[in-house]
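Report on the following structure.
Residue numbers (our numbering), protein chains in the order written: chain A, 4 to 264; chain B, 26 to 458.
Spelled out as structure tokens, the structure:
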């Protein structure tokens, strides 16, 4: 028994070291935040998700697409919990290219909840052309696609500095960011105090905006996070009880072989 | 003897028995079926009455755990396959669609992903068990060889599976590994093109990798059946390395081994559930959530954690062809062990010198795993080379040398005596820390 435990622990810590080694670049330590979705019972802060969606639409979405999400996702369980009416209203504000119709022509119509989020650029080339050659990555799974996840995105958003340290030359359209690998980024500082007007009265400080949008992006990457943690807890609970019972059964069975133990 | 029989004999005619109905220990309907299809009695003999050494430790539970892993992988893979699209334009999106829109698709996909990792955790402990207790020795050599074949097939299947989500690491991992074949003299380039079905890793590569991933998964199942049949012929080894002689040495498979294995499986499943439900991407690489892009090479191309030791061996040799040969032979050399280790004593419990080298080998494995994940530069190259040298030294030199010169400890005559010695403190059993 103890042997198996020791072995699994040993393996576990080893793996811990190894996955750390993946991101072993000499880099600034990320700004670690405590997130509402952390931990065994983590849940997304609904108000923060809704505010984060607002930050995404008003700021990020002018350059970043979110191809894997549909408007309907916004009202689904475990997400920002907009009502279906609200989602219909949100979707109807965008224009979607549809078709061809019976005459063989493409046409524009107001969006429906089943439509995917509209993209700011028709294709990658157009996006690069508009952004000095850099391609703003799609944000659907961005949090999962970066070592450090939410803390990394938060750090990038907070990591701008007008006065870069001496010795760093910045070309035109390139900005200094403490947390970006290589410290150079082609995205101008996206979030400033009051970039967005929150309707619920929350103060739109830079920290608050960053936190809200990262919460939203984490949900976008992991829309079933809440269900996963909920089912995970139930499963662990069930397995623990079953394991204890099986252990007792095993002990009883082995009594005839090892009467003293 | 009757006159008729002697007639048969004199004409060299022998009776035949094409009809073998009968012999079932069961009655009624079960007996009727079993007389005609003897799988029920096979199950009884091989899984209920089957005698197993009574001193097996939990390290012997890994076999059953591996079987569970394989079955779970096949079942989750089956359902994932119903939703996945093996095309370079759709693969990444279809995986994300499984994660988002398929009912419990996220669970299936995360479970499949992490079961692959846990499969390797279990198989490494399983192989270590065989190494430490000499399970590869007479009469279990063939079983050991079949095990190595399974391990090779597992690696191929895992590699193929890792390309399927078509993320950056999928794409570049596939590029690096398939390019290894170009090291083959003369026909290397042709082989690579043949593997790809194209002039670069692309749509046709993904499509065939998907088919092969399926094929190999069931191939593993087939070879595992041979492994198990062989086990039921030669019987389980045990920590003492002494063959059981009478009923004082054994217990029957059910309910003793089954209850013990079930407990071990549940502990294993608990660890699996904790990782899958609370840190599902922990064992993966974040870059694989970036869609494959043939124009952008990731900063470091690293394989999955379970390939790192062999990746380190590959990179430790400056020549490509020799590197590939070293990597393949680092696993194949395990197959020679039954003939390189000449000691008559199986268990390391009685082999004080060999035991030290086995532990050193385990350490070497972890060190190689660590440097395999680091960039191939500076001190890491040196460490990888030392690790690689020890790896081969262990099998090719240390094993025969130690087995010929080592003075083994006095051994008990039977398993029940071994158990008595253990209680008296005359035997130091295995403790890692």
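The C-beta atom is built at its ideal place from N, Cα and C for all residues, glycine as well.
Residues of chain B whose Cβ lies closer than 8 angstroms to the Cβ of residue 250 of chain A are, in chain order, 288. Identification of residues in the region 56 to 89 of chain A having a C-beta nearer than 7 angstroms to some C-beta of chain B yields 71, given in sequence order.
DSSP places residue 153 of chain B in the uninterrupted alpha helix (DSSP H) bounded by 130 to 157. With respect to the 8 angstroms criterion, residue 221 of chain B and residue 203 of chain B are classified as neighbours on the basis of their beta carbons. Across the region 96 to 112 of chain B, no CB contact with chain A closer than 7 angstroms is found for any residue. Here the region 219 to 232 of chain A lies against the region 142 to 150 of chain A, with 3 or more beta-carbon pairs under 8 angstroms apart.
The residue among B:261, B:452, B:395 and B:419 with its C-alpha nearest the C-alpha of residue 361 of chain B is B:419. Per DSSP, the unbroken beta strand (DSSP E) holding residue 111 of chain A starts and ends at 110 to 113. Around the Cβ of residue 389 of chain B, a 10 Å sphere holds 16 or more other Cβ atoms; the residue is buried.
The region 204 to 215 of chain A and the region 65 to 82 of chain A do not touch, with fewer than three beta-carbon pairs separated by less than 8 angstroms. Residue 80 of chain B carries a coil assignment under DSSP once its states are collapsed to helix, strand and coil.
For residue 257 of chain A, the chain B residues whose Cβ falls inside 8 angstroms of its Cβ are 281, 284 and 285, in order along the chain. Checking the DSSP bridge columns, you'll see residue 119 of chain A partnered with A:73. Under the 10 Å beta carbon count, residue 407 of chain B is surrounded by fewer than 16 other beta carbons and is classified as exposed.
For residue 99 of chain A, the secondary structure class from DSSP, reduced to helix, strand or coil, is strand. Taking a beta-carbon distance threshold of 8 angstroms, residue 446 of chain B does not count as an interface residue toward chain A. Cβ atoms of residue 82 of chain A and residue 215 of chain A stay farther apart than 8 angstroms, at about 14 angstroms. Residue contact with chain B for residue 149 of chain A: present (Cβ-Cβ distance below 8 angstroms to some residue of chain B).
Residue 54 of chain B and residue 292 of chain B have their C-alpha atoms roughly 39 angstroms apart. Considering only B:101, B:394 and B:227, the residue with the shortest C-alpha distance to residue 332 of chain B is B:394. Of the other Cβ atoms in all chains shown, 16 or more fall within 10 Å of the Cβ of residue 162 of chain B; this residue is therefore buried. Take the alpha-carbon of residue 116 of chain B and the one of residue 314 of chain B: they are about 12 angstroms apart. Under DSSP, the beta-bridge partners assigned to residue 188 of chain A are A:178. For a cut-off of 8 angstroms, the C-beta gap from residue 189 of chain B to residue 140 of chain B is around 15 angstroms, too long to register as a contact. Cβ contact annotation for residue 436 of chain B (same chain, cutoff 6 angstroms, sequence separation greater than five): 375, in chain order.
Per DSSP, residue 275 of chain B is one residue of the beta strand (DSSP E) stretching across 275 to 277. Per DSSP, the unbroken alpha helix (DSSP H) holding residue 94 of chain B starts and ends at 87 to 106. The DSSP-derived three-state label of residue 316 of chain B is strand.
Separation of the CB atoms of residue 383 of chain B and residue 156 of chain B is rounded to 6 angstroms, and the pair is thereby assigned contact status at 8 angstroms.
Contact annotation for residue 131 of chain B against chain A: 227 and 231 [CB-CB distance below 7 angstroms, chain order].
For the region 304 to 315 of chain B, residues whose beta-carbon sits nearer than 9 angstroms to a beta-carbon of chain A comprise 305, 306, 307, 308, 309, 310, 311, 312, 313, 314 and 315.
Residue 284 of chain B and residue 253 of chain A do touch by the CB rule: their CB atoms are close to 4 angstroms apart, below 8 angstroms.
For residue 244 of chain B, the three-state secondary structure derived from DSSP is helix.
DSSP places residue 255 of chain A inside the alpha helix (DSSP H), whose first and last residues are 228 to 257.
At least one CB atom of chain A sits nearer than 8 angstroms to the CB of residue 302 of chain B.
Burial state of residue 157 of chain A is buried, judged by a 10 Å Cβ sphere holding 16 or more other Cβ atoms.
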